[in-house]
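**Q** In the numbering used here, the protein residues as written are 42 to 324.
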Ligand SMILES: [Zn+2]
C-alpha cells in the first residue's frame, strides 16, 4: 500500500513537471514567434512611413550610391533595408509605351508662395516649406512634405534619362505616400531653382533658411499629363506602397546648376528596377 502510494506520488510529481515543462516550451516558443512577427512586420506595417530622409537617417544604417554601400548592396546593409533587395514593386523604373494603359485621373495642384528651408542630408538637397501646399488626386488630399533632387534622373522615359529629376513628396492623412516626379532638362535657368541654388548648403548636415517668398507653382509644368504606377521609395528602406506620378512635360534647370549639385552631392540616382508585370497608367 505504502509502495503503491509512493509510486502514485512519484507519478503525480513527474506528471506535474511534464506539464510545467510543456507550458514553458509553449510560452518560450510563443514569445520567440511573436518577436519574430513584430520584427518582420515592422518595415511594412508602419503606417507613418518616413518621407523625411533626414529624420530617418539618424537611427538607420549608413548607405551610399558608390563603394561597398552602393545600391546593389542596400538590401544587405541592414534588416530594415531587406525590401530594397526582396521587394517586387520597386522604383525607379523605365517608362515605355508598351506597358501603358489609358486611365484618367484628376490631378490638381494647390501650391502657393512660401519661405523655403534647405538641408544637405548627404544624399540630396531636401527642401521644406512653411505654408501649406497640397495636391488633390481624384479628390483625395495629399500635403506636400518636402521636395528634393536627383542627378541624373532616376526614372527613364523610353530608355532616356534626364539631367535631373525633382521629387515632390506628399502624404495624405492616413499616411499614404504620393511622389510627383518632374524631369528637368538642362536647357534654361528656372528662377525658383536658381534662387534655391544661390543658397545651396554645401556641407553635409548644413541647413539654410531662404529669407524670401518663392512661388512653388513656378517649378511645375502647366500640363498635368502624367504616367502613374505603384512603386517604392528610391532610397533605403525602399518601402513599397508609394504612388508615383511622373509628369510628362519636363521643366528646366541651368546646366551650371546641375554641375553645382553634382559637385556638392555627387550622382544620386538609384538604378532602374524591374517592372515585374506592373501597369503604367497614361493620363
Ligand atoms: Zn527622391
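Yeah, the Cβ is synthetic: ideal placement off N, Cα and C, and Gly gets one too.
Since the model is a prediction, treat every value here as computed from it, not as a measurement.
First and last residue of the beta strand (DSSP E) that includes residue 252?
**A** Note, residue 252: beta strand (DSSP E), 248 to 256.
**Q** Quick one: residues in its chain with C-beta nearer than 8 Å to the C-beta of residue 78, no 5 flanking neighbours on either side, listed in chain order?
**A** Summary for residue 78: the model assigns pLDDT 34, below 50, so the residue's position carries little reliability; its value from the coordinates is reported in the next sentence. So no residue of the chain qualifies.
**Q** Helix or strand or just coil, what does DSSP make of residue 98?
**A** Interpretation of residue 98 is limited by its pLDDT of 47, a score under 50 that renders its predicted location unreliable; the figure taken from the coordinates is listed afterwards. Residue 98 falls in the helix class under three-state DSSP.
**Q** Would you report the Cα separation of residue 216 and residue 100, rounded to the nearest angstrom?
**A** If I take the Cα positions, the gap works out to 20 Å.
**Q** Compute the beta-carbon to beta-carbon distance between residue 127 and residue 116, rounded to the nearest angstrom, for a pair I have assumed lies under 8 Å.
**A** Indeed they touch by this definition, with Cβ atoms about 7 Å apart.
**Q** Ordered along the chain, which non-local residues of its own chain (more than five positions away) have a Cβ less than 6 Å from that of residue 151?
**A** The residues are 175.
**Q** Specify whether the stretch 307 to 321 and the stretch 256 to 271 touch according to this definition: at least 3 beta carbon pairs, one from each stretch, less than 8 Å apart.
**A** The stretch 307 to 321 is in contact with the stretch 256 to 271.
**Q** Leaving out five residues on either side along the sequence, give the residues of the same chain with a beta carbon under 7 Å from the beta carbon of residue 133.
**A** Once the five neighbours on either side are set aside, the close Cβ partners of residue 133 are 195, 196, 275, 311, 313 and 314.
**Q** Is residue 124 near ligand 1, judged by its Cβ being under 8 Å from some heavy atom?
**A** Residue 124: no, Cβ never under 8 Å from ligand 1.
**Q** Which first and last residues belong to the alpha helix (DSSP H) in which residue 299 is found?
**A** Taken as a continuous stretch (DSSP letters only), the alpha helix (DSSP H) holding residue 299 covers 296 to 306.
**Q** Just verifying my parser: in three-state terms, what is the DSSP assignment at residue 236?
**A** Of the three classes helix, strand and coil, the one that applies to residue 236 here is helix, per DSSP.
**Q** On the premise that residue 295 lies in contact with residue 329, defined as a C-beta separation below 8 Å, what is that separation, rounded to the nearest angstrom?
**A** Residue numbering for the chain in the displayed model covers 42 to 324; residue 329 lies beyond these limits and cannot be assessed.
**Q** Which partner residues of residue 183 appear in the DSSP bridge assignment?
**A** Answer by DSSP bridge pairing, in chain order: 176.
**Q** Would you check if there are 3 or more beta carbon pairs closer than 8 Å linking the stretch 204 to 218 to the stretch 240 to 256?
**A** Output reads no: the stretch 240 to 256 does not touch the stretch 204 to 218.
**Q** Leaving out the 5 sequence neighbours to the left and right, which residues in its chain are closer than 6 Å to residue 123 when beta-carbon positions are compared?
**A** Around residue 123: 116.
**Q** Who are the Cβ neighbours of residue 153 in its own chain at under 8 Å, not counting the five residues just before and after it?
**A** Result list for residue 153: 172, 173, 174, 256, 257 and 258, in chain order.
**Q** At a cut-off of 8 Å, would you count residue 265 as near ligand 1, judging by its Cβ distance to the nearest heavy atom?
**A** No, Cβ of residue 265 sits at least 8 Å from all heavy atoms of ligand 1.
**Q** For ligand 1, any of its heavy atoms closer than 8 Å to the Cβ of residue 110?
**A** Checking the Cβ of residue 110 against ligand 1 gives no.
**Q** Can we count residue 220 as close to ligand 1, meaning its CB is less than 8 Å from some heavy atom?
**A** Yes, ligand 1 has a heavy atom inside 8 Å of this Cβ.
**Q** Which residue from 231, 139 and 247 puts its Cα closest to that of residue 199?
**A** Checked all of 231, 139 and 247; the closest Cα to residue 199 is 139.
**Q** Taking residue 220 as the reference, which of 231, 189 and 233 has the closest Cα?
**A** With distances taken between Cα atoms, residue 220 lies closest to 189.
**Q** Would you list the one or two residues that DSSP bridges to residue 272?
**A** For residue 272, which the question treats as bridged, DSSP gives the partners 283.
**Q** Does residue 283 pass the burial test, meaning 16 or more other C-beta atoms within 10 Å, or should it be called exposed?
**A** Buried: at least 16 other Cβ atoms inside 10 Å.
**Q** Please state if the CB of residue 164 and the CB of residue 306 are separated by a distance shorter than 9 Å.
**A** Cβ distance < 9 Å, so residue 306 and residue 164 count as in contact.
**Q** Suppose contacts are defined by Cβ-Cβ distances below 9 Å. Is residue 222 in contact with residue 299 by that definition?
**A** No.
**Q** Is DSSP giving residue 107 helix, strand or coil here?
**A** Looking at residue 107 - three-state DSSP - the assignment turns out to be coil, as it is neither helix nor strand.
**Q** Applying the 10 Å Cβ sphere with the 16-neighbour rule, what's the burial state of residue 69?
**A** Residue placement at residue 69 cannot be trusted, given a pLDDT of 42 that sits under 50; what the coordinates show is reported in the next sentence. Classification for residue 69: exposed.
**Q** My understanding is that residue 208 touches residue 191, with C-beta atoms under 8 Å, so please give their C-beta distance in whole angstroms.
**A** About 7 Å; that satisfies the 8 Å criterion.
**Q** Closer than 8 Å: is that where the CB of residue 281 sits relative to any heavy atom of ligand 1?
**A** No, since every heavy atom of ligand 1 falls outside the 8 Å radius drawn around the Cβ of residue 281.
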